[in-house]
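Participant: Below you will find the structure I want to go over with you.
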Amino acid sequence: MRRLGDEEVQDSVQRKRLAKKKWDMDRTEENRWEYKKLQRRVKREVSKAKQKVYDELYTRLDTREGQKDLYRLARQRDRDGKDVQQVRVIKDRDGRVLTSEESVQRRWKEYFEELMNEENEREKKRVEGVNSVEQKVDKIRKDEVRKALKRMKSGKAVGPDDIPVEVWRCLGEAAVEFLTSLFNRVLESERMPEKWRSC
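Using the numbering used here, the final residue of the sequence shown is 222, and nothing's skipped along the way.
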């Protein structure tokens, strides 16, 4: 569809903007009246321009070319709205094109296994150059847990415990004591619970 680019409409819109600025800077009744008058005029002109564009569009749609455009647009929108359901071809490591469903799936599996299991050279170098330092970590304090509970946003999805943050807050000091104790036990054991890993 064509933009509402009639110069007359554009000029009216610009005059209305200037009148609004003038009224914002000097709130006299005269400036307000001028702005409101231009606002009504622009509304009418935009409405007429829209109607003109729609009339032209409908006239064009009645032609053979317009119908072709309409079908082309519908097909394009249909294609744009669809996700890629599956990849039908992919290249293997040597650059050969694989087309069978099994070979494509096998190649994707190989690719992701390589991607997830490869060593990060930068990380390896960084870790090799660092000496391990044994250091005692302070216990988690109740005031830290209290602050963390306050900072958590309400109305968010629950975690693996299926307990919303609002419940922890309602429990007050009992929740703070429980969570502090739990976190310190995990810290002392130096082992994260398995259920936490699957989240």
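Backbone N, C-alpha and C fix where the C-beta goes; we use that ideal spot for every residue, glycine too.
Distance check for residue 162 and residue 210, CA to CA, integer angstroms please.
Facilitator: Residue numbering aside, residue 210 sits at position 187 when the sequence shown is read from its first letter. Residue numbering aside, residue 162 sits at position 139 when the sequence shown is read from its first letter. Going from the Cα of residue 210 to the Cα of residue 162 covers about 8 Å.
Participant: Which stretch, first to last residue, makes up the alpha helix (DSSP H) that contains residue 5?
Facilitator: Because the chain in this structure spans residues 24 to 222, residue 5 falls outside the shown range and cannot be described.
Participant: Is the beta carbon of residue 72 closer than 7 Å to that of residue 57?
Facilitator: Here residue 57 refers to the residue found at position 34 of the sequence shown. Here residue 72 refers to the residue found at position 49 of the sequence shown. Cβ distance not < 7 Å, so residue 57 and residue 72 don't count as in contact.
Participant: Between the alpha carbons of residue 30 and residue 44, how many angstroms are there, rounded?
Facilitator: Counted from its first residue, the sequence shown places residue 30 at position 7. Counted from its first residue, the sequence shown places residue 44 at position 21. Taking the straight line from one Cα to the other gives about 21 Å.
Participant: Using the DSSP secondary-structure output, state which residues sit across from residue 121 in a beta bridge.
Facilitator: Position 98 of the sequence shown, counted from the first residue, corresponds to residue 121. Answer by DSSP bridge pairing, in chain order: 113.
Participant: Determine the direct distance from the alpha carbon of residue 67 to that of residue 95, and round the result to whole angstroms.
Facilitator: In the sequence shown, counting from the first residue as 1, residue 95 sits at position 72. In the sequence shown, counting from the first residue as 1, residue 67 sits at position 44. Cα to Cα, residue 95 sits roughly 33 Å from residue 67.
Participant: Measuring CA to CA, which of 187, 172, 112 is closest to residue 200?
Facilitator: In the sequence shown, the residue the question calls residue 200 occupies position 177. Of the candidates 187, 172, 112, the one whose C-alpha sits nearest the C-alpha of residue 200 is 172.
Participant: Mind reading off the beta-carbon distance from residue 32 to residue 76? Whole number of angstroms is fine, and I expect it under 8 Å.
Facilitator: Within the sequence shown, numbered from 1, the residue matching residue 32 stands at position 9. Within the sequence shown, numbered from 1, the residue matching residue 76 stands at position 53. Wrong, their Cβ atoms sit about 11 Å apart, outside the cutoff.
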